[in-house]
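Under this note's numbering, the residue at position 206 of the sequence shown is numbered 211, and the numbers go up by one with no gaps.
For every residue, glycine included, the Cβ atom is placed at its ideal position computed from N, Cα and C.
Computed from a prediction, not measured in an experiment: that's the story for all the values here.
So the structure is just underneath, and the comments pick up after that.
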Amino acid sequence: MITIKVPATSANLGPGFDCLGLAVSMYNTVEVEPSKTLKIEIFGEGSDSIPKNGSNLIFKAYRRTMQHLEEPVVNLHMVQHNKIPSTRGLGSSSTAIVAGILIASEISGKAIPRAEALRIATEIEGHPDNVAPALYGGFTVSMQKDKQVRSLSFEVSNDLVPVAMVPNFELSTAKARNVLPQHVPYKDAVFNTAHASFLAAAFAKGDLEHLLFAVEDRLHQPYRAGLIPGFEEIVACGREMGIPVYLSGAGPTMMALCSRSNANEFVVRSKPVLAKFADWEVHVLEVENHGAQVIRT
């Protein structure tokens with residue numbers, strides 16, 4: 006029996022559109038063993054909606070990777086235990102893709118270097134901002150040119166406490182991308198370049214005091230804010246406490262980057278604000294610095 010454990014991820018972190026990501030301590034796991042026929046069981050999030058046949062994303066990523074390895078596609082018995090809500094901006098599709106790739110490596114007996122796993126995962130997902138932290142853990146900076154993908158990961162101080170605010174409505178990535186303009190002003194591109202660079206430097210140095218201003222963005226959040234009831238009020242609640250709040254991935258989850266000293270206070274102060282706009286679940290998390298894990302039993 007093989008168990009794959011993959012963390013949730015929070016992409017963009019404000020200005021790092023499609024290139025920055027953070028792994029957090031919420032997980033999807035899948036138990037796998039070879040089988041004569043394909044059998045998929047799903048518990049937890051998505052148990053009623055995720056396919057239990059060959060169109061299951063984990064199996065599709067596994068099959069594609071086996072073909073890449075030029076290995077026969079063996080049927081599997083998979084048992085998924087999902088804690089990460091889907092279409093909420095927490096990288097649930099990336100966890101499935103990464104799990105499928107790691108399953109292929111285990112079933113085939115062929116080691117896949119993490120850089121190659123990243124390339125395959127990005128090819129399937131379309132962008133590396135979620136798959137990179139899911140694989141590597143920590144805070145990741147990624148870039149993509151044609152089929153070339155590169156990513157650097159940084160271990161994050163355990164003083165950083167991500168607080169995920171997850172609403173009871175879904176928002177597809179496609180819908181969130183449809184509201185984005187085809188062109189942006191030059192000054193906005195410069196603004197984001199500066200802020201994304203500064204944000205990456207702050208994480209690399211472990212200097213988290215500057216995150217409040219570094220998460221500001223002009224490329225996607227202003228256009229997506231209208232899709233999230235209470236977006237401005239939630240951001241303002243954090244700002245009043247000196248806590249950066251941003252749209253996690255394409256949303257609708259909002260993520261606050263708290264410290265151990267103010268995380269609980271933020272949860273208390275944000276609850277009445279959140280209650281005005283939707284039914285939200287609040288998760289106080291840790292940064293996952295190790296990324297996806299393979300457990301053999």
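Proximity below 9 Å, CB of residue i to CB of residue j
| i | j | result |
| --- | --- | --- |
| Leu262 | Ile239 | no |
| Ile129 | Arg69 | yes |
| Pro39 | Val79 | yes |
| Thr258 | Val171 | yes |
| Arg323 | Leu176 | With the chain covering 6 to 302 only, the question about residue 323 has no answer from this structure. |
| Gly143 | Glu121 | no |
| Ser303 | Leu213 | A question about residue 303 goes unanswered here, because the residues of the chain that appear run from 6 up to 302. |
| Val220 | Pro20 | yes |
| Leu204 | Leu216 | yes |
| Gly254 | Ala16 | yes |
| His73 | Asn33 | no |
Residue i CB to nearest heavy atom of the ligand GDP below 8 Å
| i | result |
| --- | --- |
| Pro277 | Among the components modelled here there is no ligand, and therefore nothing to report on the ligand GDP. |
Own chain, CB closer than 6 Å to residue i, minus 5 neighbours either side, in chain order
| i | result |
| --- | --- |
| Gln226 | Leu252 |
| Tyr141 | Ser158, Gly296 |
| Arg124 | Val154 |
| Asp284 | Asn173 |
| Val37 | Ile7, Leu81, Met83, Ile108 |
| His200 | Pro20, Ala219, Glu221 |
| Met71 | Val78, Ala109 |
| Phe22 | Leu224, His225 |
Alpha-carbon to alpha-carbon, residue j and residue i
| i | j | result |
| --- | --- | --- |
| Gln153 | Arg119 | 14 Å |
| Pro326 | Lys276 | No answer is possible for residue 326: the residues shown for the chain start at 6 and end at 302. |
| Pro77 | Arg274 | 55 Å |
| Ile45 | Pro133 | 27 Å |
| Ala230 | Thr302 | 45 Å |
| Arg182 | Lys65 | 24 Å |
| Ala104 | Ala139 | 9 Å |
| Tyr67 | Glu75 | 12 Å |
| Thr8 | Gly114 | 15 Å |
| Lys41 | Gln149 | 39 Å |
| Leu25 | Ala109 | 26 Å |
| Leu165 | Ile112 | 36 Å |
| Val272 | Phe218 | 21 Å |
| Val278 | Gln298 | 37 Å |
| Thr178 | Val35 | 24 Å |
| Ala202 | Phe196 | Per the sequence shown, the amino acid found at residue 202 is Ser instead of Ala. Going from the Cα of Ser202 to the Cα of Phe196 covers about 10 Å. |
Where residue i falls, given that 16 or more other Cβ within 10 Å makes a residue buried
| i | result |
| --- | --- |
| Ile300 | exposed |
| Glu50 | buried |
| Leu206 | Contrary to the premise, residue 206 reads as Ala rather than Leu in this sequence. So Ala206 counts as exposed. |
| Phe48 | exposed |
| Asp222 | buried |
| Pro186 | exposed |
| Gly131 | exposed |
| Lys210 | exposed |
| Tyr191 | exposed |
| His188 | exposed |
| Lys10 | buried |
| Gly59 | exposed |
| Asn269 | exposed |
| Ala194 | exposed |
| Ser266 | exposed |
| Ala28 | buried |
| Glu245 | exposed |
| Asn163 | exposed |
| Thr198 | exposed |
| Ser91 | buried |
| Ser147 | buried |
Residues near residue i by beta carbon distance below 8 Å, same chain, minus five either side
| i | result |
| --- | --- |
| Met31 | Pro12, Ala13, Lys88, Ile89, Leu95, Ala169, His288, Leu290 |
| Glu281 | Per the sequence presented here, residue 281 reads as Lys, with Glu not at that position. So the qualifying residues of the chain are Gly235, Glu238. |
Below-9 Å beta-carbon distance, residue i vs any chain C residue
| i | result |
| --- | --- |
| Pro12 | The structure shown has no chain C; it contains just one protein chain. |
Own chain partners of residue i with C-beta closer than 7 Å, once the 5 adjacent residues on each side are dropped
| i | result |
| --- | --- |
| Ile55 | Ile47, Asn61 |
| Val136 | Ser99, Ile102, Val103, Leu123, Ala126, Thr127, Glu130 |
| Gly256 | Gly94, Leu176, Ala181, Arg229, Leu232, Ile233 |
| Phe208 | Phe144, Phe159, Val161 |
| Ile106 | Ala66, Thr70, Ile117, Ala122, Ile125, Ala126 |
Discussion item. For a minimum of 3 consecutive residues, which ranges assigned as the beta strand (DSSP E) are wholly contained in the segment 227–269?
Written reply: 250–252, 259–264
Query - Ranges of the beta strand (DSSP E) found wholly within the segment 81–158, counting only runs of at least 3 - result: 81–87, 144–150
_Report the start-end ranges of each alpha helix (DSSP H) in the segment 7–91 that is 4 residues or longer and not cut off at the edges._
62–73
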